[in-house]
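Here the protein sequences line up with chains P and H, keeping their order. In the numbering used here, each residue carries its 1-based index in the first sequence increased by 16. In the numbering used here, each residue carries its 1-based index in the second sequence increased by 16.
There are 2 protein chains.
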Amino acid sequence: MLGAIEAGGTKFVLAVSDDEFNILERQSIPTTTPEQTFEKVFEFFDQYDVSAIGIGSFGPIDVNIKSETYGYITSTPKTAWENTDFIGVMKERYSVPMGWTTDVNAAALGELTYGAAKGKESCLYLTVGTGVGGGAVIKGEPLEGFGHPEMGHILVRKHPEDHFEGHCPYHGDCLEGLAAGPAVEKRYGKKAQELTNNEQVWEIEAHYLAQALMSYTLTLSPEKIILGGGVMKQAQLFPLIRDKFIRLMNDYVQTPDMEEYIVSPQLKDDAGITGCLILAQRAL
Amino acid sequence: MLGAIEAGGTKFVLAVSDDEFNILERQSIPTTTPEQTFEKVFEFFDQYDVSAIGIGSFGPIDVNIKSETYGYITSTPKTAWENTDFIGVMKERYSVPMGWTTDVNAAALGELTYGAAKGKESCLYLTVGTGVGGGAVIKGEPLEGFGHPEMGHILVRKHPEDHFEGHCPYHGDCLEGLAAGPAVEKRYGKKAQELTNNEQVWEIEAHYLAQALMSYTLTLSPEKIILGGGVMKQAQLFPLIRDKFIRLMNDYVQTPDMEEYIVSPQLKDDAGITGCLILAQRAL
Ligand SMILES: Nc1ncnc2c1ncn2[C@@H]1O[C@H](COP(=O)(O)OP(=O)(O)O)[C@@H](O)[C@H]1O
Ligand SMILES: Nc1ncnc2c1ncn2[C@@H]1O[C@H](COP(=O)(O)OP(=O)(O)O)[C@@H](O)[C@H]1O
Ligand SMILES: [Zn+2]
Ligand SMILES: [Zn+2]
Numbered sequence: 017m018l019g020a021i022e023a024g025g026t027k028f029v030l031a032v033s034d035d036e037f038n039i040l041e042r043q044s045i046p047t048t049t050p051e052q053t054f055e056k057v058f059e060f061f062d063q064y065d066v067s068a069i070g071i072g073s074f075g076p077i078d079v080n081i082k083s084e085t086y087g088y089i090t091s092t093p094k095t096a097w098e099n100t101d102f103i104g105v106m107k108e109r110y111s112v113p114m115g116w117t118t119d120v121n122a123a124a125l126g127e128l129t130y131g132a133a134k135g136k137e138s139c140l141y142l143t144v145g146t147g148v149g150g151g152a153v154i155k156g157e158p159l160e161g162f163g164h165p166e167m168g169h170i171l172v173r174k175h176p177e178d179h180f181e182g183h184c185p186y187h188g189d190c191l192e193g194l195a196a197g198p199a200v201e202k203r204y205g206k207k208a209q210e211l212t213n214n215e216q217v218w219e220i221e222a223h224y225l226a227q228a229l230m231s232y233t234l235t236l237s238p239e240k241i242i243l244g245g246g247v248m249k250q251a252q253l254f255p256l257i258r259d260k261f262i263r264l265m266n267d268y269v270q271t272p273d274m275e276e277y278i279v280s281p282q283l284k285d286d287a288g289i290t291g292c293l294i295l296a297q298r299a300l
Numbered sequence: 017m018l019g020a021i022e023a024g025g026t027k028f029v030l031a032v033s034d035d036e037f038n039i040l041e042r043q044s045i046p047t048t049t050p051e052q053t054f055e056k057v058f059e060f061f062d063q064y065d066v067s068a069i070g071i072g073s074f075g076p077i078d079v080n081i082k083s084e085t086y087g088y089i090t091s092t093p094k095t096a097w098e099n100t101d102f103i104g105v106m107k108e109r110y111s112v113p114m115g116w117t118t119d120v121n122a123a124a125l126g127e128l129t130y131g132a133a134k135g136k137e138s139c140l141y142l143t144v145g146t147g148v149g150g151g152a153v154i155k156g157e158p159l160e161g162f163g164h165p166e167m168g169h170i171l172v173r174k175h176p177e178d179h180f181e182g183h184c185p186y187h188g189d190c191l192e193g194l195a196a197g198p199a200v201e202k203r204y205g206k207k208a209q210e211l212t213n214n215e216q217v218w219e220i221e222a223h224y225l226a227q228a229l230m231s232y233t234l235t236l237s238p239e240k241i242i243l244g245g246g247v248m249k250q251a252q253l254f255p256l257i258r259d260k261f262i263r264l265m266n267d268y269v270q271t272p273d274m275e276e277y278i279v280s281p282q283l284k285d286d287a288g289i290t291g292c293l294i295l296a297q298r299a300l
């Protein structure tokens, strides 16, 4: 039996599955303090005899196996979780192998194995929600180096009609600062989901996302780009982004066909937890 | 005995080494037509009995093993080389395993194994010369997906004092269009090497390179960034780039120490050919 935790900033999803990743039991708990949350995690996993646990966590987290704080959630804006030794706490309770990466790397791994990027060796998963977060799998492995990607914070060029200064506390008008859900809300004084019929909103949003996808494509060359998160529920964004992406790239690189290249998640809300189960198996 | 070809747009470097990558013989030939060039390549390798050949080539090239044109130089501006079946031509003459990637991926692999990134599992190698080209090794493997990185063409924000429109035939003012050697030359009417004492030149150059390095760092998280190529001979660029990089990142990500993170190649002109020899051995 495999165990998995998709540790999000709002909720944790806990699951156990058989060796083919069929989910046998699943529970969702709110992310409160580490103490309360881990108590619920223990209650859940104490019921089962898992041989490994895979964890995909909100971050920033330390993924560097050589580091002293490997397995920690480090400098997160959710201050109660700052410097939390996630893997340490889990290992103390369960002495089984554990997989550890970001929530978005886990989602990319899930989509690569069973979803939109099935049969591929690489894909990028970008969530556009409360923040903008990206993960990737390259040659079958979650993308990590000295740390993990934070690609939601790359710099983009301002849209000429956009006078919003951006809301990223670190960079102001980085991608997340200009294109995350709360940026849309601050720019227009309304939630993104209430602006469906305002064309300028999606024109500006696509302007930023297309630039970012160009940058990721030229840097990583992923076989698929999967766009998830609340803001991407606005399906009209997909053709706008594809169109702008093509114009920006100007045929410089022969990418896969657009309809196949820039797509929605296929596993929907299960991408992350599925990726975590795969991580668990790989940790064995 | 291992064979290697560093196939550059100006010259090819050919080499053979023992199994520890000690170069036994090396020759440099000009890149003319494929016919003439391959004749010289054959003359060289016909003298030896190599068990594998590693090739790092200028591009764009097809690195997708599933593609029908795997091993080709594809749509290069060097028109004589367009659609050249590099690996096909080589395999017809020598039936040994062959490794194949970009010249910059090979340089990254060389630096990772014996140079500035020795002991690491990832690094980025960026050359700033006639063009801007980037390669990387991630978890020990050359970075490839649907194709190979073309990270020299990402978009950057214009420097407020820069009125040069950029010279990239595809994108105008992408990184290469604004920061490659010929861009400096067009902007000032003098070659970059003649502008050593003009502070504005390097201020603008560092402005673009620091932005690009921020984007690569946030996307790839490499353990080292190695900057080579003719323009980087201007050593005063390094502190300028590091300084701007720090200001742009604004402590968002805990990168390695700057002096250790953004560095010169250690293998100098041998990075590429060394990487090609390693590719040869890996092909065995
Ligand atoms: N249908 C929708 N259309 C546009 N924006 C939406 C939609 N649903 C949620 N959002 C926006 O997405 C953000 C929340 O992102 P979500 O991906 O749901 O959660 P989180 O990023 O916190 O995991 C909010 O800013 C919200 O306004
Ligand atoms: N010492 C130097 N300082 C600044 N620029 C230089 C220097 N040497 C060469 N360059 C510039 O680098 C470019 C050539 O790049 P180089 O890396 O030498 O070759 P290539 O990219 O063709 O392999 C030219 O634009 C040249 O002006
Ligand atoms: Zn930011
Ligand atoms: Zn370009």
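The C-beta atom is built at its ideal place from N, Cα and C for all residues, glycine as well.
| said: Does P:Leu229 come out as helix, strand or coil in the three-state DSSP assignment? | reply: If you number the first sequence from 1, residue 229 of chain P lands on position 213. Of the three classes helix, strand and coil, the one that applies to P:Leu229 here is helix, per DSSP.
| task | Measure from the alpha carbon of H:Leu236 to the alpha carbon of each residue in P:Pro255, P:Gly145, P:Lys107 and P:His169, then state which is nearest. | result | For the purposes of this step, residue 236 of chain H is taken as the residue at position 220 of the second sequence. When C-alpha distances from H:Leu236 are compared across P:Pro255, P:Gly145, P:Lys107 and P:His169, the shortest belongs to P:His169.
| said: At a threshold of 8 Å, does H:Ala196 count as lining ligand 2 (C-beta to nearest heavy atom)? | reply: As a first step, residue 196 of chain H is located in the second sequence; it is residue number 180 there, counting from the start. Yes.
| request: In angstroms with no decimal places, state the Cα-to-Cα distance between P:Phe261 and P:Glu219. | output: Position 245 of the first sequence holds residue 261 of chain P. Position 203 of the first sequence holds residue 219 of chain P. Answer to the nearest angstrom: the Cα atoms are 13 Å apart.
| query | Relative to the C-alpha of P:Ser44, which residue among P:Ile21, P:Lys174 and P:Ser73 is closest? | reply | Taking the first sequence and counting its residues from 1, one reaches residue 44 of chain P at position 28. It is P:Ile21 whose Cα lies nearest to the Cα of P:Ser44.
| query | On the premise that H:Ile289 lies in contact with H:Thr129, defined as a C-beta separation below 8 Å, what is that separation, rounded to the nearest angstrom? | reply | Counting from 1 along the second sequence, the entry for residue 129 of chain H is found at position 113. Counting from 1 along the second sequence, the entry for residue 289 of chain H is found at position 273. Not really, about 12 Å apart at Cβ, beyond 8 Å.
| Is H:His175 close to chain P, meaning its C-beta is less than 9 Å from at least one C-beta of that chain? | Counted from its first residue, the second sequence places residue 175 of chain H at position 159. Output row for H:His175: interface = no.
| For a contact meaning CB atoms closer than 8 Å, what does P:Glu215 contact in chain A? | This model lacks chain A altogether, as its protein chains are P and H.
| said: Can you pull out the residues from the stretch 195 to 219 of chain P whose beta carbon lies closer than 9 Å to at least one beta carbon of chain H? | reply: none
| query | Going straight from the alpha carbon of H:Leu191 to that of H:Gly245, what length do you get? | reply | Position 175 of the second sequence, counting from 1, holds the residue named residue 191 of chain H. Position 229 of the second sequence, counting from 1, holds the residue named residue 245 of chain H. Roughly 15 Å between the two C-alpha positions.
| For H:Arg42, which residues does DSSP report across the bridge? | By one-based count along the second sequence, residue 42 of chain H stands at place 26. Per DSSP, H:Ala31.
| Which same chain residues, not among the five before or five after P:Ala222, have their C-beta less than 7 Å away from its C-beta? | For the purposes of this step, residue 222 of chain P is taken as the residue at position 206 of the first sequence. The beta carbon of P:Ala222 is closer than 7 Å to those of Leu253, Leu256, Ile257 and Lys260 in its chain, skipping five residues each way along the sequence.
| query | What is the DSSP secondary structure of P:Tyr170, reduced to helix, strand or coil? | reply | Here residue 170 of chain P corresponds to residue number 154 of the first sequence, with the count starting at 1. The amino acid occupying residue 170 of chain P in the given sequence is Ile; Tyr does not appear at that position. Reduced to three states, the DSSP call for P:Ile170 is coil.
| Reduced DSSP category for H:Met274 - H, G, I as helix; E, B as strand; rest coil | As a first step, residue 274 of chain H must be located in the second sequence, where it is residue number 258. Of the three classes helix, strand and coil, the one that applies to H:Met274 here is helix, per DSSP.
| task | Compute the distance between the beta-carbons of P:Gly147 and P:Gly291, then report whether it is under 9 Å. | result | Translated into the one-based positions of the first sequence, residue 147 of chain P becomes position 131. Translated into the one-based positions of the first sequence, residue 291 of chain P becomes position 275. Result no, Cβ atoms of P:Gly147 and P:Gly291 do not sit closer than 9 Å.
| field | Close beta carbons around H:Arg109, own chain, < 7 Å, minus the five adjacent residues each side | value | Position 93 of the second sequence holds residue 109 of chain H. Hits under 7 Å: Phe58.
| Distance, Cα to Cα, H:Asp35 vs P:Pro198? | Numbered from its first residue, the second sequence carries residue 35 of chain H at position 19. Numbered from its first residue, the first sequence carries residue 198 of chain P at position 182. Distance between H:Asp35 and P:Pro198, taken at the CA atoms: about 57 Å.
| message | I'd like to confirm something about P:His164: is its beta-carbon nearer than 8 Å to some heavy atom of ligand 3, or not? | response | In the first sequence, counting from the first residue as 1, residue 164 of chain P sits at position 148. P:His164 Cβ: outside cutoff for every heavy atom of ligand 3.
| message | Between H:Glu160 and chain P, is any beta-carbon pair separated by less than 9 Å? | response | Translated into the one-based positions of the second sequence, residue 160 of chain H becomes position 144. It does; some Cβ of chain P falls within 9 Å.
| Can you give the Cα-Cα distance for H:Gly182 and P:Gly25, rounded to whole angstroms? | Against the second sequence, residue 182 of chain H aligns to sequence position 166. Against the first sequence, residue 25 of chain P aligns to sequence position 9. Using only the alpha carbons, I get a separation of about 42 Å.
| query | Assuming H:Gly70 and H:Thr118 make a contact with CB atoms under 8 Å, what is their CB distance in whole Å? | reply | As a position in the second sequence, residue 70 of chain H is number 54, starting the count at 1. As a position in the second sequence, residue 118 of chain H is number 102, starting the count at 1. The pair is not a contact, with the Cβ atoms about 12 Å apart (cut-off 8 Å).
| field | Residues, ordered as in the chain, of the stretch 140 to 174 of chain P that lie near chain H by beta-carbon distance below 7 Å | value | Ile154, Lys155, Glu157, Leu159, Glu160, Gly161, Phe162, Gly163, His164, Pro165, Glu166, Met167, His169, Ile170, Leu171 and Arg173
| query | Using a beta-carbon distance below 9 Å, is H:Met17 in contact with chain P? | reply | Along the second sequence, one-based indexing puts residue 17 of chain H at 1. No, no contact with chain P.
| said: Considering just the uninterrupted stretch of the beta strand (DSSP E) at H:Ala20, what are its terminal residues? | reply: As a position in the second sequence, residue 20 of chain H is number 4, starting the count at 1. Secondary structure note for H:Ala20: its beta strand (DSSP E) is the uninterrupted segment Leu18 to Ala23.
| query | So who's on the other strand from P:Asp101, going by DSSP bridges? | reply | Residue numbering aside, residue 101 of chain P sits at position 85 when the first sequence is read from its first letter. Beta-bridge annotation (DSSP): P:Asp101 is paired with P:Tyr88.
| Does DSSP classify P:Tyr268 as helix, strand or coil? | The residue given as residue 268 of chain P occupies position 252 in the first sequence. Coil, per DSSP.
| field | Cα-Cα separation between P:Leu243 and H:Ala299, rounded to whole angstroms | value | For the purposes of this step, residue 243 of chain P is taken as the residue at position 227 of the first sequence. For the purposes of this step, residue 299 of chain H is taken as the residue at position 283 of the second sequence. For P:Leu243 and H:Ala299, the distance between alpha carbons rounds to 35 Å.
| task | Name, please, each residue of chain H whose Cβ falls closer than 9 Å to the Cβ of P:Asn121. | result | By one-based count along the first sequence, residue 121 of chain P stands at place 105. Within 9 Å Cβ-Cβ: nothing; P:Asn121 doesn't reach chain H, min ~11 Å.
| message | Just to check my reading of the structure: H:Gly87 and P:Val269 have Cβ atoms closer than 8 Å, yes? What is that Cβ distance to the nearest angstrom? | response | Against the second sequence, residue 87 of chain H aligns to sequence position 71. Against the first sequence, residue 269 of chain P aligns to sequence position 253. So it is not a contact: roughly 18 Å between Cβ atoms.
| message | Can you determine whether any heavy atom of ligand 3 sits closer than 8 Å to the C-beta of H:Glu98, and answer yes or no? | response | Here residue 98 of chain H is taken as the residue at index 82 of the second sequence, counted from 1. No.
| request: Report all residues from its chain with a CB closer than 6 Å to the CB of H:Glu201; omit the five preceding and five following residues, and keep chain order. | output: Start at 1 with the first residue of the second sequence, and residue 201 of chain H comes out as number 185. Answer for H:Glu201: Lys207, listed in chain order.
| said: Three Cβ pairs or more, each shorter than 8 Å: is that satisfied between the stretch 224 to 234 of chain H and the stretch 96 to 114 of chain H? | reply: no
| Under 8 Å Cβ-Cβ, which residues of chain H neighbour P:Met230? | In the first sequence, the residue the question calls residue 230 of chain P occupies position 214. The answer, in chain order, is Ile170 and Leu171.
| query | Leaving out five residues before and five after H:Ala96 in sequence, what residues of the same chain have Cβ atoms less than 6 Å from its Cβ? | reply | As a working mapping, residue 96 of chain H is identified with position 80 in the second sequence. Once the five neighbours on either side are set aside, the close Cβ partners of H:Ala96 are Thr49.
| Is it the case that the Cβ atoms of H:Val79 and H:Gly19 are separated by a distance below 9 Å? | Your numbering for residue 79 of chain H matches position 63 in the second sequence. Your numbering for residue 19 of chain H matches position 3 in the second sequence. No, Cβ-Cβ distance for H:Val79 and H:Gly19 is not below 9 Å.
| message | Taking 9 Å as the threshold (C-beta atoms), are P:Phe37 and P:Gln297 in contact? | response | What you label residue 297 of chain P is simply residue 281 of the first sequence in a count that begins at 1. What you label residue 37 of chain P is simply residue 21 of the first sequence in a count that begins at 1. Against a cut-off of 9 Å, the Cβ pair of P:Phe37 and P:Gln297 comes out as a contact.
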